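Position in the sequence shown counted from 1, then plus 56, gives you the working numbering.
Just so you know, even glycine gets a beta-carbon here, dropped at the ideal spot from N, CA and C.
Given the structure is predicted, the values throughout are model-derived calculations rather than measurements.
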Amino acid sequence: MLPLPAQFIKSVQFHFGEIGEKWLKQLPELIGYCEQKWNVKIEEPISLSINYVAPAVMQDGSSVFIKISIPGEEFRNEIKALDLFRTRKMVKPIDYDLKCGILLLKKLVPGDSLAELSNDELRTQIAAEVHNSLTYPSQNQITLLPTTKSREGQLRKILQTNPNGIGPYSRSILQKALSLFAYLNETAKQNWILHGDFHHENILRDKGGWVAIDPKGLIGEREYDFIQFLLNQLPKENVEQTINKRIEILAEQCQLAKHRLIKWGFCHSVLATCQTSDDKNHYNEDFYQGSKAFFHLCKQIDAFGATNF
Ligand SMILES: Nc1ncnc2c1ncn2[C@@H]1O[C@H](COP(=O)(O)OP(=O)(O)OP(=O)(O)O)[C@@H](O)[C@H]1O
Ligand SMILES: [Mg+2]
């Protein structure tokens, strides 16, 4: 195993603190455990964010992907989501180890992601098609996975612990986002089984077409699931126009309510920016720019009063 990249170590420490540090130390052992348990040869990872994901070769020569995560609720939800999407456009799991947080996945070939396509309209159309054949209305699975109501709870907690605001946001902006979150949850007509982290890098090309990977699993209104996609892979300029064009395409191809996409967009981008805010007042600039664009779009549809950033 090569030394772990500094950025990977930093991200794991930021997200998981001490538990993350302990897990980083255990990684060589966990890799050895996988190689023994499944008789695979694990190759070097291509890029790492907060999980250890690497290609591997089974003894019969077949190619797989190994994903090692910190065991816990998020990992269990990913396993549940893979199961809920098992007959749909989702990567197929081969096996997993809940206790150790290890997942063995069928390798997608060629495996390039939607982020590698440069035509933004085309990649938005492909994302709409994948989502149409991936997600479905929830029946009685409401207790299985986190909900958009729990995301609202996360923002409420952020406001409670940061009553004077956090990162780039004042208290008043956080309150606006929170009341809109509550309104949207209360007025949602149909809950769906959602991917929960649907964006360009989590949509890969396989022999039979495009499929999703890396589901977090979430239950809520379908519009919510597109916000990460709307915030991702944005140009440096014309952010709002790009978001608007994507909304047009998604609303038409997936029969979504544009005004709810815009409102969810504001709530989620504020939450996502807060969640990346550290004690040095650093935060994800793309999420913040996205929240500003959604704020402006909200004002155009008169979603709330006259507060400015
Ligand atoms: N089954 C697979 N076949 C081919 N490539 C894969 C497969 N699973 C993962 N990958 C590659 O590994 C990358 C990381 O995988 P994944 O998104 O599951 O991990 P992650 O750590 O949760 O990433 P992130 O936090 O960036 O979303 C993917 O973007 C993709 O390039
Ligand atoms: Mg991913």
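In this structure, ligand 2 has no non-hydrogen atom nearer than 8 angstroms to the beta-carbon of isoleucine 124. The criterion of a C-beta distance shorter than 9 angstroms is not satisfied by glutamate 172 and isoleucine 305. Going by DSSP, lysine 162 is part of no alpha helix (DSSP H) but of the beta strand (DSSP E) stretching over 158-162.
Restricted to the stretch 130-210, the beta strand (DSSP E) segments that are unbroken, complete and at least 3 residues in length are 149-153 and 158-162, listed in chain order. By the Cβ rule, the stretch 313-331 counts as touching the stretch 271-283, because three or more pairs are nearer than 8 angstroms. For alanine 349, the enclosing alpha helix (DSSP H) begins and ends at 341-356.
As computed with DSSP, aspartate 262 is found in a beta bridge with Gly265.
For leucine 230, the closest of Lys97, Leu287 and Gly209 by C-alpha to C-alpha distance is Gly209. In the three-state reduction of the DSSP assignment, leucine 274 falls in the strand class. Here DSSP, grouped into helix, strand and coil, assigns phenylalanine 121 to strand. Burial of proline 101 is indicated by the presence of at least 16 other C-beta atoms within 10 angstroms of its C-beta. At the C-beta level, isoleucine 269 and leucine 250 stay beyond 9 angstroms of one another. When the beta-carbon positions are compared, valine 120 and lysine 162 come within less than 9 angstroms of each other. Not one heavy atom of ligand 1 lies closer than 8 angstroms to the C-beta of isoleucine 275.
Between isoleucine 126 and the set Gln115, Val68 and Ile98, the nearest pair of CA atoms involves Val68.
In this structure, aspartate 253 has its CB closer than 8 angstroms to one or more heavy atoms of ligand 2.
Burial state of isoleucine 357 is exposed, judged by a 10 Å Cβ sphere holding fewer than 16 other Cβ atoms. For ligand 2, the residues with a Cβ under 6 angstroms from any of its heavy atoms are, in chain order, Glu257, Asn258 and Asp270. Valine 113 has its Cβ no nearer than 8 angstroms to any heavy atom of ligand 1. The C-alpha of leucine 140 lies about 33 angstroms from the C-alpha of proline 61. Around the beta carbon of aspartate 253, 16 or more other beta carbons sit within 10 angstroms, so the residue counts as buried. Our two residues, tyrosine 89 and arginine 144, have alpha carbons roughly 31 angstroms apart in a direct line.
Between lysine 263 and valine 147, the C-beta spacing is not below 9 angstroms.
A residue is called buried once 16 or more other Cβ atoms fall within 10 Å of its Cβ, and glutamate 74, having fewer, is exposed. Minimum Cα-Cα distance from glycine 221 among the listed residues Asp335, Glu77 and Gln181 corresponds to Asp335. Lysine 78: member of the alpha helix (DSSP H) spanning 62-94, first to last residue. In this structure, the straight-line span from the alpha carbon of phenylalanine 350 to that of lysine 319 is close to 7 angstroms.
As the crow flies, the alpha-carbon of aspartate 151 is around 42 angstroms from that of glutamate 296. Remark: the C-beta of phenylalanine 343 is outside contact range of ligand 1, defined as less than 8 angstroms to any heavy atom. With 16 or more other Cβ atoms inside 10 Å of its own Cβ, arginine 179 counts as buried. If you ignore the 5 residues before and after asparagine 241, its C-beta comes within less than 7 angstroms of the C-beta of Thr204, Lys205 and Glu208, all in its own chain and listed in chain order.
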